[in-house]
């Protein structure tokens, strides 16, 4: 095998509660990760030396990224070089709360392990993933999951969003470190963990208790992001929320026409949009 091409998925957060600051500098949190059918595509081709390129010129200008860091972590562990040519066809917006970089890191760990026949057990891969980022472990096996601790302790859940899911990103880059620096951790009034005992989670269960602690901070600094959520609801969304630390807003619609008309409204503002049809 000389080449592997993988799809690297995005996710949304359904609820995000920041519970406490940890001694290691990270935060304890709880959230529900939900994968969506928006993908980056990454090709890994054996070569005589390493190279990284992307359709996104900004990424080509950076000296390092999570794909490179994932490769280097494998090289350090095995004491070898992994001469591979990587091309990232980027579709997921960067710094948008959709987990694109974390997903790319997980995809790299899995693809290079397979391409170079490296022997790694799932526990070690999970440890590498966490060293690269708090939500990288989710993307090792991206199924709907309740996440706690830093986001690496995962409990798969039976959840399907059987509605039109609209994703809108205004092109604003939100630095995760900045957002966490302003958050005031607190115990949630209603814990998302109460849902995982259910054999199947219904959307109505989520909408009653799910919220994102970062919305207040981000909306105060970037009112145009708040406006996206307000417009989504005005145009007929059942529910809308910011994902991660932003700047992406997602919404659920029952009505197909309302979903696509809302998407058209934001396309006319040159915002990034994506619609996932009911599963």
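Numbering (this note's numbering), first residue to last: 13 to 291.
Glycine included, C-beta positions come from ideal geometry on N, C-alpha and C.
**Message:** Measuring only the C-alpha atoms, how far is residue 97 from residue 161?
**Reply:** 35 Å
**Message:** Please determine whether the Cβ atom of residue 208 lies at a distance below 6 Å from any heavy atom of the ligand NAD.
**Reply:** Among the components of this structure there are no ligands whatsoever, and the ligand NAD is therefore not found.
**Item:** Terminal residues of the beta strand (DSSP E) in which residue 288 lies
**Value:** 284 to 288
**Prompt:** Under 7 Å between the Cβ atoms of residue 218 and residue 287?
**Reply:** no
**Message:** Nearest by alpha-carbon distance to residue 190: which of 85, 256 and 51 is it?
**Reply:** When each option's Cα is compared against that of residue 190, the closest is 256.
**Request:** Would you grab the beta carbon distance between residue 204 and residue 27 for me? Rounded to a whole angstrom, and I think it's under 8 Å.
**Result:** Right, their Cβ atoms sit about 5 Å apart.
**Asked** Can you check whether the CB of residue 109 is closer than 7 Å to the CB of residue 260?
**Response** Contact: yes.
**Prompt:** Do residue 20 and residue 48 have their C-beta atoms within less than 7 Å of each other?
**Reply:** no
**Asked** How about residue 266 and residue 175: do their beta carbons lie closer than 7 Å?
**Response** yes
**Request:** Could you please give me the residues that DSSP links to residue 253 through a beta bridge?
**Result:** 262
**Residue(s) in a DSSP beta bridge with residue 128** = According to DSSP, residue 128 bridges with nothing at all.
**Message:** Taking the straight line between their C-alpha atoms, what separation do you get for residue 129 and residue 142?
**Reply:** Pairing residue 129 with residue 142, the inter-Cα distance amounts to about 22 Å.
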